[in-house]
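Heads up: the structure comes next, in structure tokens.
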Amino acid sequence: MTALPVDISAKTKVADVSDRYPQTLQIFVQHRLNSLKNPVLGTDAV
Numbered sequence: 000m001t002a003l004p005v006d007i008s009a010k011t012k013v014a015d016v017s018d019r020y021p022q023t024l025q026i027f028v029q030h031r032l033n034s035l036k037n038p039v040l041g042t043d044a045v
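What follows is the structure, given as structure tokens:
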């Protein structure tokens, strides 16, 4: 069973993308979205 892809829009949360595609976390962190490392703060919009 495979999960459906995340539709990415202006309202998409970065944490939703990184939860679905964990390999993107390092890229977001490189772009200074360090809050993603903290699950309480991982709410930045794309």
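By numbering that gives the first Met the number 0, the letter at position 10 of the sequence shown is numbered 9, and the numbering carries on one by one without gaps.
Think of the CB as a built atom: it goes at the ideal place given N, C-alpha and C, for glycine as much as any other residue.
C-alpha gap between residue i and residue j, whole angstroms
i	j	result
Q22	V16	10 angstroms
Sequence-distant residues of its chain with Cβ nearer than 8 angstroms to residue i (five each side left out)
i	result
P4	R19
Any non-hydrogen atom of the ligand PLP within 7 angstroms of residue i CB
i	result
A14	Summarising the ligand content, the structure contains no ligands, and the ligand PLP is consequently not present.
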